[in-house]
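Terminal number for the first sequence in numbering that gives the first Met the number 0: 186, no gaps in between. See below for the structure under consideration.
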Amino acid sequence: MKRQAVIDFSAPSVDVARRLIGAVLQVDGVGGRIVETEAYDADDPASHSFGGPSTRNATMFGPPGHAYVYRSYGIHWCLNFVCREAGHGAGVLIRALEPTDGLDRMRERRGLDDVRLLCSGPGRVAQALGITRSHDGMRLDRPPFHLRPPALPPGVLTGVRIGISKARDVPWRFGLSGSSFVSRRFS
DNA sequence: CTTTCGATGATCT
DNA sequence: GATCATCGAAAGG
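Following this line, the structure appears as structure tokens:
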């Protein structure tokens, strides 16, 4: 019996973000290949965890390998994976998927047909997968979550993070090389 | 193709 | 009162 490969979430968020590219993420069987991620860390002014624990970011300071879900601009939900050890405050934002499973369910939830627009952005990913605050704190290695690392290391592109006003020059955005499902092209 | 702007509510100062 | 890890529609080139 060959043991199922897993992601090591106790690693720095930058490493986890890079290694997550190409992994398959499903929630209740709906999901796809992760094609875009961003890393956030405790010493990072752009991170929710910068400045220490609070009500919103509490999960970021919990054990690694759990989901951190927050509300963005009062409208959208965004999904993160907690990294490092409990108390540290690091995470990876899941920014885009290439849809592979449950396309009809995603189209229902998103209210549109174009595959390119189903999961190309963090708010879109959460809506397509049915992620809400109820998923905050859940383990990623148990249902409804399912996560499978790529069989082979894919080509990964690097860039600066999107939509932040602090630490804009930090190159902690990662994308699957050649993917047309990223939220924005890599320069 | 690009830029701009409103929506909408929790969080923080 | 200001900011915000966004999205989608609208307007402009």
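Positions of the beta carbon are idealized from the N, C-alpha and C atoms, including for glycine.
Problem - Glu84 - containing beta strand (DSSP E), residue span - result: That residue, Glu84, is in no beta strand (DSSP E); it is neither H nor E in DSSP.
Practice task
Could I get the ranges of all uninterrupted beta strand (DSSP E) runs contained in the region 124–183, with 3 residues as the minimum, in chain order?
Solution key: 144–147, 155–158 and 172–175
Exercise for the section: Could you tell me whether the Cβ atoms of Arg108 and Gln126 are closer together than 8 Å? Expected result: Yes, the Cβ-Cβ distance between Arg108 and Gln126 is below 8 Å.
Practice task
Given a cut-off of 8 Å, decide if Asp100 and Gly28 are closer than it, judged by their beta-carbon atoms.
Solution key: In contact: Gly28 and Asp100 (Cβ atoms closer than 8 Å).
Exercise for the section: Tell me whether Glu84 is buried or exposed, calling it buried when 16 or more other Cβ atoms sit within 10 Å of its Cβ. Expected result: exposed
Exercise for the section: Look up Arg32 in the DSSP assignment and say whether it is helix, strand or coil. Expected result: strand
Handout entry: Residue interval of the beta strand (DSSP E) (run including Gly71)
Key = In the sequence as presented, Gly is not what sits at residue 71; that position holds Ser. Taken as a continuous stretch (DSSP letters only), the beta strand (DSSP E) holding Ser71 covers Ala66 to Ser71.
Practice task
Look at the alpha carbon of Pro11 and the alpha carbon of Asp113, and state the distance between them as a whole number of angstroms.
Solution key: 35 Å
Practice task
Might you give, ordered along the chain, the residues of its own chain that have their beta carbon closer than 7 Å to the beta carbon of Arg55, omitting 5 neighbours on each side?
Solution key: His47 and Tyr69
Practice task
Kindly indicate which residue of Ser176, Lys165 and Ser9 has the alpha-carbon position closest to the one of Cys82.
Solution key: Ser9
Problem - Buried versus exposed, by CB contacts within 10 Å (16 or more), Ser176 - result: exposed
Problem - Reference His75; option with closest CA among Thr131, Arg106, Asp103 and Gly86 - result: Thr131
Handout entry: Segments assigned beta strand (DSSP E), at least 3 residues, entirely inside the region 7–31
Key = 23–26
Problem - Pair within 8 Å by beta-carbon distance, Val91 and Ala38 - result: Cβ distance < 8 Å, so Val91 and Ala38 count as in contact.
Handout entry: Reduced DSSP category for Ala41 - H, G, I as helix; E, B as strand; rest coil
Key = Coil.
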